[in-house]
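A.B. asks: Quick note, the sequences are listed as chains U and X, same order. Going by the numbering used here, the letters in the first sequence line up with residues 124 to 459, in that order. Going by the numbering used here, the letters in the second sequence line up with residues 124 to 459, in that order.
2 protein chains.
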Amino acid sequence: MKKVTIKDIAKMADVSTTTVSMVINNKANHISQDTIVRVMKVIKDTNYIPNGFARSMVTKKSHLIGLIIPDITNPYFAEMARHIEMEANAKGYNVILCNSDDEIENELKYIRLLKEKNIDGLILVSASLSLHSEVKELEANNIPVVILDRVKQYEKEHIIIFDNRKAGYMATDYLISQGHEHIACLIGPLGNDSTQERLLGHKKALLTHNYRANTERVFEGDYKVEGGYKAMKEILKTDATAVFVFNDYMAIGAYKAIYEANLSVPEDISIIGIDNLYLSSIINPQLTTIEQPAALMGEAAVKMLHQVIKGHDSYDKKACFDPKLIVRDSVKLIRE
Amino acid sequence: MKKVTIKDIAKMADVSTTTVSMVINNKANHISQDTIVRVMKVIKDTNYIPNGFARSMVTKKSHLIGLIIPDITNPYFAEMARHIEMEANAKGYNVILCNSDDEIENELKYIRLLKEKNIDGLILVSASLSLHSEVKELEANNIPVVILDRVKQYEKEHIIIFDNRKAGYMATDYLISQGHEHIACLIGPLGNDSTQERLLGHKKALLTHNYRANTERVFEGDYKVEGGYKAMKEILKTDATAVFVFNDYMAIGAYKAIYEANLSVPEDISIIGIDNLYLSSIINPQLTTIEQPAALMGEAAVKMLHQVIKGHDSYDKKACFDPKLIVRDSVKLIRE
DNA sequence: CTGAAAGCGCTAACAT
DNA sequence: ATGTTAGCGCTTTCAG
Chain U
124 MKKVTIKDIA KMADVSTTTV SMVINNKANH ISQDTIVRVM KVIKDTNYIP
174 NGFARSMVTK KSHLIGLIIP DITNPYFAEM ARHIEMEANA KGYNVILCNS
224 DDEIENELKY IRLLKEKNID GLILVSASLS LHSEVKELEA NNIPVVILDR
274 VKQYEKEHII IFDNRKAGYM ATDYLISQGH EHIACLIGPL GNDSTQERLL
324 GHKKALLTHN YRANTERVFE GDYKVEGGYK AMKEILKTDA TAVFVFNDYM
374 AIGAYKAIYE ANLSVPEDIS IIGIDNLYLS SIINPQLTTI EQPAALMGEA
424 AVKMLHQVIK GHDSYDKKAC FDPKLIVRDS VKLIRE
Chain X
124 MKKVTIKDIA KMADVSTTTV SMVINNKANH ISQDTIVRVM KVIKDTNYIP
174 NGFARSMVTK KSHLIGLIIP DITNPYFAEM ARHIEMEANA KGYNVILCNS
224 DDEIENELKY IRLLKEKNID GLILVSASLS LHSEVKELEA NNIPVVILDR
274 VKQYEKEHII IFDNRKAGYM ATDYLISQGH EHIACLIGPL GNDSTQERLL
324 GHKKALLTHN YRANTERVFE GDYKVEGGYK AMKEILKTDA TAVFVFNDYM
374 AIGAYKAIYE ANLSVPEDIS IIGIDNLYLS SIINPQLTTI EQPAALMGEA
424 AVKMLHQVIK GHDSYDKKAC FDPKLIVRDS VKLIRE
């Protein structure tokens, strides 16, 4: 079946391609109603769909945006991606999904591919600051980038962040308010900015309450279930009565370690997480956590990107979302 | 910054665009090493990246494939999507992610958009048979489609399916083998083919063992946590000692209903699921389930699609994956 | 209100 | 071993 082109339509409707083009693109202000109807009919009849390549070639717009994200399998990112896709769609874009596994080589490879695909913009969820120059280059090539989550470069423009330090403070402060004195910390990879920020907040809370902020109680995880599980096994050997797990996904792993040891949350040990995954309210006991609004952040990223693509200039060039304490059942109140 | 084109490269390297084109596309068999090196250098120096539009316009290939999936937030689909993306990438494609929420209007809208984007092929995870004519039309337009999961149209080509009937049989058979006599069924939406097939398998197992296969014990869910939770509350009012939950995601919701009722799995009630999500081995107690290999199925879909795109013809035009019983801790052995 | 024609950046015959 | 050139299908001045 030969593909029908704008020329065919023009011929069949007995008009020029210009006219057809105009009615397709809703620029038919100066075209008679008669002609419009006639052209439309031919388009319907032939099932004509304009060729995006040809179109993009002249307009320089692909209506495609790239999304580089560590791993769609992680519920936090899945939630984010879902809302990014929805918002993008509402704004007329399709999104190209790229799982980087947080490997810089993958990110670089994807950036190259996406550039070749002429994406209109990129949303980057990455822990690698090293990408800085790549981002600069993209922007120089007129491909806007918004960096989402996991950045501390407050000075940069076009970023959507979360106040990780405040989140770290909040979680720790809450644990202390419930009477906990031996608080362990199940952190993410140390090289990660979010980890550093959350840790800073944690220490500040400790110090504020005149606790010692030593490093004996911090255990490194990987922001995944497996890492939470393993680190928790170690923590169980200590005298900690509560643990601040740096994300909910690891907390799920921590739960597993705990009930495998025949212990229970929060009776034997209290847990607080960060993220407020959907799952966090489903597991038993329901997880007390600090909400990080993945959905809103994803939407904000698309909105910002859209503004940049449109060439607007009257919008906030950075957004920072605030943490919120969600009290549920995984932290025990200890009386002194 | 003016975008550098193949012409610029040609001029700078003092060759024709053809030559440049050839070295870019590794078709430089007949080009002197000397020239190649010179051209390459210019390309590196200028950071030249070919314009995908122009290229695609003549080659008719976008190296983009569409993925229409109900909801990336569902761990089963996330797993599938992850592996689809990986395999696609290995084969040189990028994937456009579309969440349909299983709504046919969304699917239709996406199909239209994707057609306009000139995707090389489409992987469709959909429950709507009604899409049949759309698929036919895509294929007529030379855009291959492989339908993944949730189909019963064994007669169609280019499908990747799972033997849902066998899965239904297996789960029920196992429950019976453990001595359960009052088995409830927490099914998915009735309109769904997978649901129907699993139900058929379930009934067959019941009949085979001389049990009565009535409908009093079947409760409809939605394949999501929420539906599992709600339906389980109802099931708890019956005399069922075991429930066959039609997917693991609902089983997670069912668990919640159970411990909210202060009951426990498997002491008070046994649960078996389908899918074998990653989470299924993490929750407490670990879920006994029937494995459905989402990752493998996703990969198989990409491989098949690739074959069709390439115009090959010596490959299996349908693949059916087999269920596998994964025994863990959520089913109690009842002695008679 | 409508049409002619240039050109977007690239590939692939076809020449040489 | 390398160059010339004709499109690919569309949008967009510029004319009328």
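From the three backbone atoms N, C-alpha and C, an ideal C-beta is built for every residue, glycine too.
1. So L220/X is in the alpha helix (DSSP H); what residue range does that whole segment cover?
2. Would you kindly work out how many angstroms separate the C-alpha atoms of F285/X and C443/X, rounded to a whole number?
3. State whether the segment 254-267 of chain U contacts the segment 437-454 of chain U, with contact taken as three or more CB pairs (one from each stretch) at a distance under 8 Å.
4. By DSSP's criteria, T158/X is part of a beta bridge. Which residues make up the other side?
5. Out of N170/X, G376/X, V258/X and M145/X, state which residue places its alpha-carbon closest to the alpha-carbon of E260/U.
6. Could you check whether the Cβ of L236/X sits closer than 8 Å to any Cβ belonging to chain U?
7. Is it true that the CB of V218/U sits closer than 8 Å to the CB of E202/U?
8. Which residues, taken in chain order from the segment 268-299 of chain X, show a beta carbon closer than 8 Å to some beta carbon of chain U?
9. Looking at the C-beta of K379/X, does it have a partner C-beta in chain U at a distance below 8 Å?
10. Assuming A461/X is part of the alpha helix (DSSP H), what are its boundary residues?
11. Rounded to whole angstroms, what's the CA-CA distance from L456/X to Q301/X? Just pull it up for me.
12. Between the beta-carbon of S453/X and the beta-carbon of V348/X, is there less than 8 Å?
13. Rounded to whole angstroms, what's the CA-CA distance from S393/X to M355/U? Just pull it up for me.
14. Hey, is the segment 144-153 of chain X in contact with the segment 425-439 of chain U, meaning 3+ C-beta pairs nearer than 8 Å?
15. Taking the CB atoms as reference points, tell me whether N370/U and G291/U lie closer together than 8 Å.
16. I'd like to know if the segment 222-229 of chain X and the segment 172-187 of chain X are in contact, where contact means that at least 3 CB-CB pairs between them fall below 8 Å.
17. How long is the line joining the alpha carbons of E280/U and A213/U, rounded to whole angstroms?
18. If you follow the alpha helix (DSSP H) that L322/U is part of, which residue opens it and which one closes it?
19. For the segment 227-239 of chain U against the segment 188-200 of chain U, are there 3 or more C-beta pairs whose distance is under 8 Å?
20. Please list the terminal residues of the continuous alpha helix (DSSP H) segment that includes I227/U.
21. Let me check understanding here. Comparing Cα to Cα, which of I395/X, H305/X, L323/X and D316/X lies closest to T361/X?
22. I270/U and L237/U: beta carbons closer than 8 Å?
23. Residues of chain U with CB under 8 Å from M209/X, in chain order?
24. Assuming T295/X and F367/X form a contact by the criterion Cβ under 8 Å, report the distance between their Cβ atoms to the nearest whole angstrom.
25. Can you tell which of S185/U, M427/U, I283/U and L329/U has the C-alpha that lies nearest to the C-alpha of L298/U?
26. Under a CB-based cut-off of 8 Å, is N174/U close to chain X?
27. Could you check what DSSP says for F369/U in three-state terms: helix, strand or coil?
28. Give a yes or no on whether the minimum CB-CB distance between R321/U and chain X is below 8 Å.
29. Quick one: which residues of the segment 394-426 of chain U get their C-beta closer than 7 Å to a C-beta of chain X? List them in chain order.
30. Mind checking who D345/U pairs with in its DSSP beta bridge?
31. Which word fits Q156/X, buried or exposed, when buried means at least 16 other C-beta atoms lie within 10 angstroms of its C-beta?
32. In its own chain, which residues sit with a C-beta less than 8 Å from the C-beta of Y372/X, not counting the 5 before and 5 after it?
33. Let me know the secondary structure DSSP gives I166/X once reduced to three states.
34. At a Cβ threshold of 8 Å, is V368/U touching chain X?
35. Just the Cα atoms here: how many angstroms apart are Y382/U and E210/U?
36. Which of the three DSSP states, helix, strand or coil, is assigned to S393/X?
C.D. replies: The short version:
1. Locating residue 220/X in the second sequence gives position 97, counting from the first residue. From DSSP, L220/X is part of no alpha helix (DSSP H) but of the beta strand (DSSP E) over N217 to N222.
2. In the second sequence, residue 285/X corresponds to position 162, counting from 1. In the second sequence, residue 443/X corresponds to position 320, counting from 1. C-alpha separation (whole angstroms): 5 Å.
3. no
4. The residue you call residue 158/X lines up with position 35 of the second sequence. None, per the DSSP bridge assignment.
5. Residue 260/U sits at position 137 when you count from the first residue of the first sequence. Here the closest residue by C-alpha is N170/X.
6. The sequence position of residue 236/X within the second sequence is 113, counting from 1. Cβ-Cβ to chain U under 8 Å: yes for L236/X.
7. Within the first sequence, the letter at position 79 stands for residue 202/U. Within the first sequence, the letter at position 95 stands for residue 218/U. No, the pair does not count as a contact, with Cβ atoms beyond the cut-off.
8. none
9. Position 256 of the second sequence, counted from the first residue, corresponds to residue 379/X. Yes, contact with chain U.
10. Given that chain X is displayed from residue 124 to residue 459, the structure contains no residue 461/X and the question cannot be resolved.
11. Counting from 1 along the second sequence, the entry for residue 456/X is found at position 333. Counting from 1 along the second sequence, the entry for residue 301/X is found at position 178. Rounded to whole angstroms, L456/X to Q301/X spans 5 Å at the Cα level.
12. Residue mapping note: residue 453/X aligns to position 330 of the second sequence, counting from 1. Residue mapping note: residue 348/X aligns to position 225 of the second sequence, counting from 1. No, these two residues do not count as a Cβ contact at 8 Å.
13. As a working mapping, residue 393/X is identified with position 270 in the second sequence. As a working mapping, residue 355/U is identified with position 232 in the first sequence. Going by the C-alpha atoms only, they are around 28 Å apart.
14. no
15. Working through the first sequence from its first residue, we reach residue 370/U at position 247. Working through the first sequence from its first residue, we reach residue 291/U at position 168. Contact flag unset, no.
16. no
17. The residue you call residue 280/U lines up with position 157 of the first sequence. The residue you call residue 213/U lines up with position 90 of the first sequence. Using only the alpha carbons, I get a separation of about 24 Å.
18. Translated into the one-based positions of the first sequence, residue 322/U becomes position 199. Its alpha helix (DSSP H) spans residues D316 to T331.
19. yes
20. As a working mapping, residue 227/U is identified with position 104 in the first sequence. Start and end: I227 to E239.
21. On the second sequence, position 238 is the one that residue 361/X refers to. Considering only alpha carbons, the answer is H305/X.
22. Counting from 1 along the first sequence, the entry for residue 270/U is found at position 147. Counting from 1 along the first sequence, the entry for residue 237/U is found at position 114. No, the Cβ-Cβ distance between I270/U and L237/U is not below 8 Å.
23. Here the question's residue 209/X lines up with position 86 in the second sequence. Within 8 Å Cβ-Cβ: N222.
24. To locate residue 295/X, count along the second sequence from 1; it is residue 172. To locate residue 367/X, count along the second sequence from 1; it is residue 244. Yes, they are in contact, since the Cβ atoms of T295/X and F367/X sit about 6 Å apart, within 8 Å.
25. Numbered from 1 along the first sequence, position 175 holds the residue referred to as residue 298/U. Among S185/U, M427/U, I283/U and L329/U, the Cα nearest to that of L298/U belongs to L329/U.
26. For the purposes of this step, residue 174/U is taken as the residue at position 51 of the first sequence. Yes, N174/U lies at the interface with chain X (some Cβ there is under 8 Å from its Cβ).
27. Locating residue 369/U in the first sequence gives position 246, where the first residue counts as 1. Coil, per DSSP.
28. Taking the first residue of the first sequence as 1, we reach residue 321/U at position 198. Taking Cβ atoms only, chain X never reaches closer than 8 Å to R321/U, which makes this a no.
29. I405 and N407
30. Within the first sequence, numbered from 1, the residue matching residue 345/U stands at position 222. In the DSSP output, where bridge partners are listed per residue, D345/U has none listed.
31. To locate residue 156/X, count along the second sequence from 1; it is residue 33. The residue in question, Q156/X, is exposed, as its Cβ has fewer than 16 Cβ neighbours within 10 Å.
32. Counted from its first residue, the second sequence places residue 372/X at position 249. Around Y372/X: N197, P198, Y199, Y346, K347, V348, G351, D398 and L400.
33. Here residue 166/X is taken as the residue at index 43 of the second sequence, counted from 1. Helix at I166/X.
34. The residue you call residue 368/U lines up with position 245 of the first sequence. V368/U does not count as touching chain X.
35. Within the first sequence, the letter at position 259 stands for residue 382/U. Within the first sequence, the letter at position 87 stands for residue 210/U. Each residue's alpha carbon lies about 40 Å from the other.
36. Taking the second sequence and counting its residues from 1, the one referred to as residue 393/X is at position 270. S393/X: strand per DSSP, three-state reduction.
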